[in-house]
Structure formats: C-alpha cells, structure tokens
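J.: With the numbering used here as the guide, the letters of the sequence shown map in order to residues 682 to 1250. For each residue, glycine too, the CB sits at the ideal point set by N, CA and C. Below: one structure in structure tokens.
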Amino acid sequence: MPILEWLSQYRFAWLRDDLIAGLTVWAVMVPTALAYTGIAGVPAVVGLYTIPLALLAYAVFGTSRALVVGPDSATALLSAHTVSALMAQHSGDYGALTSSLALLVGVLFCSFGVLRMGWIAHFISQPVMKGFIQGLALVTMMSQLPKLFGVENVGGNFFQAVWALFQQGPNTHLPTLGVGLGSLVLLFALSYFFPKSPAALITVVAAILAVSCFDLHEQGVAIVGVIETGIPPFGLPHFQSADAIGLLQGALAIVLLNYAESLGTAKAAALITGGSLNPNQELVGLGMANLGSSLSSGFVVAGSLSQSAVSMTAGGKTQMAALFHTVFIILTLLFLMPLFKNLPEAALGVIVIKAMIQMLDFGYLKQLRVVSYSEFSLALVVYVGVLALGVLPGIGLGVVFSLIALIYHAAHPGTAILGKVHGKDMYRNVLRRADAKTLPGLLIFRLDSDLFFINADYCAERIRHHVAAAAEPVCEVLIDAETINRIDMTATDMLSKLHTELAQKNTTLSMARVRDSVRVLLKQTEVEQRIGSDHIYDSITQGVKAFCQRTGVPLPQDENKVAGSAAGE
C-alpha cells in the first residue's frame, strides 16, 4: 500500500511544512470547491462534501507525494453534461446521479488499474488535449457569465449561449453586475500584485461583506443561502442499472481526460518532490478517490495542477499535507458553513472565470500551427467541436481523431533513402544531408517503425516507387532494419513476395542490421532462406562492400582506404 512507503520514511521535521501546506490549500480549495459546484450543477455544500474522503483515499492509495485531488472544472462540466443528458431522457435525482457518476468513474479507474492499463492516458494526444481544454474553458466561462449579469442561463452550445446572453443584455441586473465586476477586479488585482495571497478566499470574504453590509440580497443579488452544517451523509448513491448504462459514455470520457490530466500533474510534481510514480497504481488511487467522493455524496474529482502547485509552493512534502487539509475541510463543514450564507453567486462565477482564463493558451495553438499543421488541424477540430457540438461530443471527437491519427501514422511510417556521408562511416537520409550520396545501382531503404500488417503494403509500395524513380537501374535493394523491432506474418509474406517480384527484374533484396527477434521469425517463415543468409548483413557498410564486390561498382573513396588499410594489416 503506497501510504506505508512514504509514511515509513516520514520525518518529524516535515510536519510543520505539511501543516502549513494543508492550511494553504484549504484556503484555495474551499472557495474553488464552492465555485465548481455551479459548474457541476449541485448545491454549494456538495463541493465540500466531495473533498475529505477523496483526499484521504488518494493519500492511502496514490503514489504521488504532492498531487492534490479535488473538484476540477473540466470534470465538473463533463459531469454536468453527462447527468443533464440522462435527466433529459427520464426523471431522476440529479444529486444522486451526480454521485453515481463519481461511483462509476471510481469503479472504471480501479478496474483499469487492476488490469494494468496505465497506457490509456496515451489515447488522447497533447494537441487534442490542448484543443479540448481551450474549448472547454470558453464553454465554462460562458456558463458562468449569466451569473455576473444576473440573467438566466439558457444553456445550449457555446454560440447559442453567446447569442442568448447578447439578447438578455437589456435585462442585466446592475447590482449583480457591480458585485461581479468588483469581485473580478479584486481577484485579478490580488493575483497580480500579491501572487502568494489566498486571492479567491479574500475575494469571497469581501463579496460576503459587501452583500451583508449593503443588503444586496434584498436588491435581488443571488446568494448561496443557508448551507447545511455537519459532516456529509455517507452511503452508496441510489441508482438503477439503466442509469449506469446511461452514464457510461460520460464516465469513460471523464476517466480518459481525468487520468491524462492527473498523471501529467503527478509527473510534473514528482520532478520537484522526488519519489516514484506507478501509472497503474495511480489509476487505483484516482479510482479510490472518486469512490470516496461518491460515498460522501460528492461529485467527480481529479488531480489538480494549480492546487498541487500551491501545496508544493507552501512547502508540502508528502500526502500528510492532504491529511491536514482533510481535517480543515471537516472543521469547515462543522463550524464555518453559516459564514457563507451571503456569498453571492456572481463571486463564485468570477472564481471560475479566472480559473478558465488561466487555462487558455492560444500561444500553444499558434506555435503548433507552425510546427505541425496536421496536429494543429486535429486540435482545431476538437476545439471547434467542443464549442459547436458540446463537451461530450467534443472529447469523443478528440478520442476518435486521436485513434485515426495513430492508425494513419502507423500505416504510413517515415521512410528514407540512405546515402554515404562523405568522410564518415555513416549513412543518412539523402533528403536531410546534402553530403549523403547514393551508389549507382544500390538503393538503401530505411523504414522508421516496426514492420507489421498495417504498414507492410505501404513499405513495399515505397520500395517499388523508389526503384521506379531511380536515375539508374537498381541492381539491389538493401533494407536497413535497425529500427524494426517487431515483425509479423503479414510482413514476412510481403518480404517473400517482394523478393520474388524484384528477382524477376534482376534486382536483389538484402537486409542489414536485423535484430535477433526479427531474424528468428525470418528463419521460421523461410524468408531468410529465400533472400539468402549471405544477403543479411551485420552493418550497412558490410552490405555496401558485398554489393560492390558483386557488381564491380567502386567503393566510396574513404571506405576504399579503410579496406586497403585492413588488407595491409
């Protein structure tokens, strides 16, 4: 169990730092958790219900020393869209379904961990993730802007929400707008001039004081209202099997996004705090955290980059900081909830909006457009998909297009024609090195991937293309197999047929730098017998010399010197 590993190495000197870190994260997470309930569509107190068992469970089962789990804007929005879609089909208890979704996410996480499926994080590429996050940030901001203007949130996709907000402009509630803009200015000012201050907590306190002192609630400013005091109700959420099926698509989307985001945060934290990460155990840790949240009537949780950074900046050394944080949250639930009665909804919306602005990174997309237009196009499709189609279809597009891109690149790997670099015993891509020269009649072909069923025909087609396009008749095709770590039956069949096809044109097929595991299969399928073991070389240089000896083509000048020197010795 991971907790035993770090607990056995715990130093008493770390206790003070972890205590301060736990208190600091509490000051950040309380207002954030209250704000994110507005995204998830649940009562404000549920944000705090979500935290204690989730923190405790991850501290016990997670492998990161610094990762802080808790409410997250992205997963909260996915939760809201998933539950809302199910509620549109049949009636139900929104809160129970929200907790049921967290339960299902936890079960999926734990199942994937037990099955050692830590690789699932790679289903979403970085450009797709960035495109999704940019779209998600804009959608989330649009969902909160009605709170600032004191108008109704009519829903719909991003563009529909923008148009609806524009239409409701004349209905803006000025006192609410004043509270919202004041909170926005205060929050950004504190973050800019006093970056280490608990800006969100100070903003919440200031907004509560403004509402209380000026009786703004009586003027129509929406507030959180009376929040129930006490520990959360524990137990399994009530749901039916049909509900689980309806929630499954959203749960899978949350698991993919949640794990990719959380694992990336944990890896970044590990570089600073040390310690090792086990991706499969991280699945279990995140699963247990979501199960804990579900059992305490909460919603989906994820690893938080911002709050993990706060913990580390405050000096947090281990998950002991999370245990202290848990205690502070419980004390808040027991004694401090009445203080939040006059908290204006507009202030919570401002906290969410600021968090979303920090997530925007259009510079990344601009750079991506220059570096890789294909990946930029992929990110743009997901970005626009989230805005136009919605969050769940958007992430669905992301996964589908990631898989399509993966399959396409696997089916169309990089290839190169190699030439001898003048003055050096090395062979490089002739398109990248001007000093790499080919030998007349010899085509040295390199495939930059494994050779298997999905790219075997493509590989053969590229060889045929280069043979046909050669300035002089090709007498031999030498395949540099150094980058081929795996080969399958389809590929061996292709090599056998290619050998026969080339032989009919008086062209020899040979291979160099073949790995042992690949050569075993070549022998078992008799491909080596057809090619001839004397045409499988340990190095490209050896293959080039053999070609020159057979055909009478002069060796490259520097190789000739090496050969003459060796003969003299």
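What do you reckon, are the CB atoms on Leu-704 and Phe-1133 nearer than 8 Å?
T.: No; because the gap between Cβ atoms is not below 8 Å, this pair is not in contact.
J.: Terminal residues of the continuous alpha helix (DSSP H) containing Tyr-717?
T.: Counting along the chain, the alpha helix (DSSP H) containing Tyr-717 begins and ends at 696 to 721.
J.: Given this structure, state the Cα-to-Cα distance separating Leu-734 from Ser-745, to the nearest angstrom.
T.: Whole-angstrom Cα-Cα distance: 17 Å.
J.: As a quick exercise: from Leu-868, Leu-829, Pro-683 and Gln-962, pick the residue whose alpha carbon is nearest that of Trp-800.
T.: Nearest option by C-alpha distance: Gln-962.
J.: With which residues is Asn-1110 paired in a DSSP beta bridge?
T.: According to DSSP, which records beta bridges pairwise, Asn-1110 is partnered with Leu-1099.
J.: In the DSSP assignment, what residue or residues form a beta bridge with Ser-1191?
T.: Note: Ser-1191 sits in a beta bridge opposite Leu-1159.
J.: Does His-1006 pass the burial test, meaning 16 or more other C-beta atoms within 10 Å, or should it be called exposed?
T.: Counting Cβ neighbours within 10 Å, His-1006 comes out buried, since at least 16 surround it.
J.: So, are the CB atoms of Val-981 and Ser-760 less than 8 Å apart?
T.: Going by C-beta atoms, Val-981 is nearer than 8 Å to Ser-760.
J.: Ends of the beta strand (DSSP E) at Leu-1124?
T.: Residues 1123 to 1128.
J.: Between which residues of its own chain and Trp-695 is the CB-CB distance below 8 Å, once the five residues before and five after are set aside?
T.: Lys-998, Thr-999 and Met-1001, listed in sequence order.
J.: For Leu-654 and Leu-858, I'd like the C-alpha separation in whole angstroms.
T.: The requested residue 654 is not part of the displayed model; the chain covers only 682 to 1250.
J.: What's the call for Asn-1136, buried or exposed, on a 16-neighbour Cβ count within 10 Å?
T.: Buried: at least 16 other Cβ atoms inside 10 Å.
J.: With DSSP as the reference, identify every bridge partner of Ile-1168, one or two as the case may be.
T.: Ile-1168 pairs with Leu-1132.
J.: Can you list, in chain order, the residues of its chain with a C-beta nearer than 8 Å to that of Gln-770? Leave out the 5 residues immediately preceding and following it.
T.: Gly-927, listed in sequence order.
J.: From this set, Ile-684, Ser-989 and Gly-1030, which residue's C-alpha is nearest Phe-718's C-alpha?
T.: The question names Phe, but residue 718 in the sequence shown is Thr. Comparing Cα-Cα distances from Thr-718 to each of Ile-684, Ser-989 and Gly-1030, the minimum goes to Gly-1030.
J.: With respect to the alpha helix (DSSP H) encompassing Pro-752, which residues constitute its N-terminal and C-terminal limits?
T.: No alpha helix (DSSP H) contains Pro-752, which is instead part of the beta strand (DSSP E) from 749 to 752.
J.: Does the distance from the CB of Ile-1165 to the CB of Asp-1138 come in under 8 Å?
T.: The answer is no: Cβ separation not under 8 Å.
J.: Whole angstroms are fine: how far does the CA of Leu-1124 sit from the CA of Ser-754?
T.: Approximately 55 Å, taken between the alpha carbons.
J.: Can you tell me where the beta strand (DSSP E) with Ser-985 in it begins and where it stops?
T.: That run of the beta strand (DSSP E) goes 982 to 985.
J.: Hey, Gly-979 and Ser-780: beta-carbon distance below 8 Å or not?
T.: Cβ atoms of Gly-979 and Ser-780: closer than 8 Å.
J.: Roughly how many whole angstroms lie between the Cα atoms of Arg-1196 and Arg-1113?
T.: The alpha-carbon atoms of Arg-1196 and Arg-1113 are separated by roughly 26 Å.
J.: What do you reckon, are the CB atoms on Val-711 and Thr-994 nearer than 8 Å?
T.: Taking 8 Å as the Cβ cut-off, Val-711 and Thr-994 do not qualify as a contacting pair.
J.: Which ranges does the alpha helix (DSSP H) cover as unbroken runs of at least 4 residues, wholly within the segment 1014 to 1065, from first to last along the chain?
T.: Complete alpha helix (DSSP H) runs here, min 4: 1026 to 1040 and 1043 to 1052.
J.: Touch check for the segment 776 to 796 and the segment 964 to 973: three-plus C-beta pairs under 8 Å?
T.: Touching, yes, given that three or more Cβ pairs across the two stretches are closer than 8 Å.
J.: Say whether the segment 863 to 870 touches the segment 903 to 913, bearing in mind that this needs 3 or more beta-carbon pairs closer than 8 Å, one atom from each stretch.
T.: No, they do not touch.
J.: Return the first residue and the last residue of the alpha helix (DSSP H) that Trp-844 is part of.
T.: Taken as a continuous stretch (DSSP letters only), the alpha helix (DSSP H) holding Trp-844 covers 839 to 848.
J.: My parser needs the alpha helix (DSSP H) runs of 4 or more residues fully inside the segment 950 to 992; what are they?
T.: Qualifying alpha helix (DSSP H) stretches, in chain order: 960 to 976.
J.: Note the first and the last residue of the continuous alpha helix (DSSP H) segment covering Met-823.
T.: Where Met-823 is concerned, the enclosing alpha helix (DSSP H) stretches over 807 to 830.
J.: Which stretch, first to last residue, makes up the alpha helix (DSSP H) that contains Ala-1115?
T.: Ala-1115 -> no alpha helix (DSSP H), and no H or E assigned at all.
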